[in-house]
Every structure is written in structure tokens, then in C-alpha cells.
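K.L.:
This is the structure I want to talk about, given as C-alpha cells.
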Amino acid sequence: MIPMGIVSVLYELPVIRTTNGYKRLRDIGMLKVFWLTIVWSAVTVLLPAFQYGEQVKSMEVISVFLMRCCLIFCLGLSFDIRDMQYDEAGGLKTIPLIYGRSKTIRIIIYILTAYFLIACIQFATFQ
87 MIPMGIVSVL YELPVIRTTN GYKRLRDIGM LKVFWLTIVW SAVTVLLPAF QYGEQVKSME
147 VISVFLMRCC LIFCLGLSFD IRDMQYDEAG GLKTIPLIYG RSKTIRIIIY ILTAYFLIAC
207 IQFATFQ
């Protein structure tokens with residue numbers, strides 16, 4: 087839990103030195119959605135697994151973690167699509183601004199397909 091807390095604090099505090107001063111981790115556009123995905127997935131899957139004494143390396147926990155990563159990543163990309171005009175005005179380079187709206191939607195569809203496949207494999211394997 088401490089590493090997730092550290093990442094959360096570093097996400098908001100200006101800790102990265104640039105030529106114009108210091109930047110927050112959230113100001114690095116490409117990293118934002120990945121940080122959110124990892125932190126939220128870890129907090130909602132790995133921490134409960136630790137609490138209940140599950141083996142974090144078990145395939146069940148790994149598959150749930152991967153599914154959660156897929157879902158949260160897609161949600162993050164969806165919000166980035168929504169915020170494109172604000173991110174562009176703020177100079178924040180996000181996946182939708184770099185690849186465009188339609189390619190980002192395709193990425194979301196591919197990731198949700200992976201989510202569905204992982205769910206099917208998990209259902210077939212861990213019954």
C-alpha cells in the first residue's frame with residue numbers, strides 16, 4: 087500500500103525538473119493513463135488479494151488484474167478523448183491527441199476485445 091501512496095503523492099507534486107521549472111507526473115500526457123491504470127488496478131485487485139492471503143502470482147489474481155487494467159485503461163482513454171480540447175490547450179500530449187480520436191477508439195475496441203478473451207479464458211479455466 088505504501089508504494090501506491092507514494093505514486094499517488096508523486097502524481098500530484100511537481101517533482102520532475104524541466105527547463106521551465108518542475109512538472110507533475112500528471113502533466114506528462116502519455117504517462118497519465120498508464121499511471122492511473124496501474125495504481126487503480128493494484129489498489130482494487132492486488133491489495134484485496136494480499137488482505138485475503140491469495141497468492142498474487144496465481145493465475146486467477148493475474149487474470150483479474152489484467153482484466154481490471156484493460157477496463158481502467160479504456161476508461162482513461164475515453165476521458166482523454168472527452169478532454170482533448172482542454173489537453174491540447176494546456177499542451178498536454180495524450181494518446182488521443184497523438185493518434186487521433188478514431189485510432190484511439192480502435193485501440194479501446196482492441197483492448198476491450200482482449201478483456202473479453204481474458205474473461206472467457208478465466209471462466210473456462212477457473213470454474
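Each residue of the sequence shown is one higher than the one before, counting from 87 in the working numbering. Think of the CB as a built atom: it goes at the ideal place given N, C-alpha and C, for glycine as much as any other residue. Here the structure is a predicted model, which is why all the values come from computation and not from measurement.
Can you tell me the Cα-Cα spacing of ALA200 and GLY139, whole angstroms?
P.N.:
28 Å
K.L.:
Give the straight-line distance between the Cα atoms of VAL147 and TYR185, rounded to the nearest whole angstrom.
P.N.:
32 Å
K.L.:
PHE136 to THR130, Cα distance in whole Å?
P.N.:
11 Å
K.L.:
Taking ARG154 as the reference, which of PHE202, THR211 and GLN171 has the closest Cα?
P.N.:
PHE202
K.L.:
From the DSSP output, in three-state form, read off LYS109 for me.
P.N.:
strand
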